[in-house]
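Undergrad: The sequence shown: position 225 = 1048 (this note's numbering), numbered continuously.
All C-beta atoms in this analysis are idealised placements derived from N, C-alpha and C, irrespective of residue type, glycine included.
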Amino acid sequence: MSAPDLLVYAAATMNGWKPLIFLEEAGVPYELRAIDLGAREQKQDWYVALNPNGRIPTLVDRGRDDFVVFESGAILWYLAERVGRFLPDDLRARSEVLQWVMFQMSGVGPMMGQAMYFQRIAAPKGQHDPFAIERYVKESRRLLEVLDRRLDGRDYLVDDYSIADMAMYPWARSYPWARVSVRGLPHLRRWFDRLDARPAIQRAVSLPVAFPAFFGQGDEDTAVQANADRFDLQG
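Right, dumping it as structure tokens:
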């Protein structure tokens, strides 16, 4: 049996799950190659030759002359166009989807990633910075409020379920790990419930290993001790 056209290099992080959510939702065959972040495999020469930024995820399209795509948002965009799903044809709706993907990439991911870093990695190593923690937690909360307003009266970020939701979900849903409150954000919480109920999403976030502590489940203290040094949350 020949290998699937699509090869994904990823790890169990918010960015790593994005292409896996798409592929599980689309039912497209793919091969997953787990990258060991603790061993800094993403910084090895062979991987940097694929992804010059030395981060995950990376997609290799064997069906198109081993074309390589890096950056999680670009991978979602590429997959949507390649497969013909989860990105509208209508110009305005398509632009709306891509605007929310960019909002995640430029705002929600970086701010929540820093909130996680300063609380989960820096502080346990003795680098407790209350100013940085307050700044990133407050900004993360503000961005989640933007999402809540957007979701008022909507099931999804745009008209239909799209790559915007796929990009946003792993980051916004990890609010417990970032220690960001979602009190008073009912529309966002309903969106979480709606996406939590999608079997493809639950399959994706269990790959290559499940990390339920990101989503406020399981033994948080044990997860921190076991994984704080291993996870590069910026992906």
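Flag this pair as touching only if the stretch 982-998 and the stretch 838-853 have three or more C-beta atom pairs under 8 angstroms; answer yes or no.
TA: These segments touch.
Undergrad: Specify the secondary structure class of Asp884 as computed by DSSP and reduced to three states.
TA: Correct three-state label for Asp884: strand.
Undergrad: Which residues bound the alpha helix (DSSP H) around Tyr959?
TA: Taken as a continuous stretch (DSSP letters only), the alpha helix (DSSP H) holding Tyr959 covers 953-973.
Undergrad: According to the neighbour-count rule (16 or more other Cβ atoms, all chains shown, within 10 Å of its Cβ), is Pro1035 buried or exposed?
TA: Result: exposed.
Undergrad: Thinking C-beta only, is Val871 closer than 8 angstroms to Leu855?
TA: Not a contact, by the Cβ cut-off of 8 angstroms.
Undergrad: Can the beta-carbon of Gly839 be found closer than 8 angstroms to that of Pro880?
TA: Yes, these two residues count as a Cβ contact at 8 angstroms.
Undergrad: Inspect the CB distances between the stretch 974-985 and the stretch 899-919 and report whether three or more fall short of 8 angstroms.
TA: Enough Cβ pairs lie closer than 8 angstroms, so yes.
Undergrad: In this structure, how does DSSP classify Phe1038 when only helix, strand and coil are distinguished?
TA: DSSP places Phe1038 in helix when its eight states are reduced to three.
Undergrad: Could you tell me the boundaries of the alpha helix (DSSP H) in which Leu1008 lies?
TA: No alpha helix (DSSP H) holds Leu1008; DSSP gives it neither H nor E.
Undergrad: Can you check which of these residues, Phe1037, Ser1004, Pro1031, is closest to Ile858 by C-alpha distance?
TA: When each option's Cα is compared against that of Ile858, the closest is Pro1031.
Undergrad: Strictly by DSSP, which residues pair up with Phe890?
TA: For Phe890, which the question treats as bridged, DSSP gives the partners Asp884.
Undergrad: Mind checking Val969: buried by the 16 CB within 10 Å criterion, or exposed?
TA: So Val969 counts as exposed.
Undergrad: Applying the criterion that 16 or more other CB atoms from any shown protein chain within 10 Å of the CB defines a buried residue, is Gln1100 buried or exposed?
TA: Here the chain has residues from 824 to 1058 only, and residue 1100 is not among them.
Undergrad: Helix, strand or coil: which one does DSSP assign to Ala862?
TA: Coil, per DSSP.
Undergrad: Buried or exposed for Phe954, please, with buried defined as at least 16 other CB atoms from any protein chain shown within 10 angstroms of its CB.
TA: Exposed, since its Cβ has fewer than 16 Cβ neighbours within 10 Å.
Undergrad: Specify the secondary structure class of Tyr832 as computed by DSSP and reduced to three states.
TA: Strand at Tyr832.
Undergrad: Taking only the alpha-carbon atoms, compute the straight-line gap between Lys948 and Gln937 and give it to the nearest angstrom.
TA: Approximately 15 angstroms, taken between the alpha carbons.
Undergrad: Which class does Ala872 belong to by DSSP, given the choice of helix, strand or coil?
TA: The answer is coil: DSSP assigns Ala872 none of H, G, I, E or B.
Undergrad: Taking the alpha-carbon of Arg943 as reference, which of Ala1027, Val1003, Arg917 has the nearest alpha-carbon?
TA: Of the listed residues, the one whose Cα sits closest to Arg943 is Val1003.
Undergrad: Kindly give me the distance between the Cβ atoms of Leu967 and Tyr998, rounded to whole angstroms, as I take these residues to be in contact under 8 angstroms.
TA: That pair is a contact at about 7 angstroms.
Undergrad: What residue range is occupied by the uninterrupted alpha helix (DSSP H) comprising Tyr853?
TA: Where Tyr853 is concerned, there is no enclosing alpha helix (DSSP H), although the beta strand (DSSP E) it sits in stretches over 853-857.
Undergrad: In the DSSP assignment, the alpha helix (DSSP H) including Ser1029 goes from what residue to what residue?
TA: First-last for Ser1029: undefined, no H or E at that position.
Undergrad: May I have the straight-line CA-CA distance separating Pro827 from Arg887, to the nearest angstrom?
TA: If I take the Cα positions, the gap works out to 12 angstroms.
Undergrad: So, are the CB atoms of Trp1014 and Val931 less than 8 angstroms apart?
TA: No.
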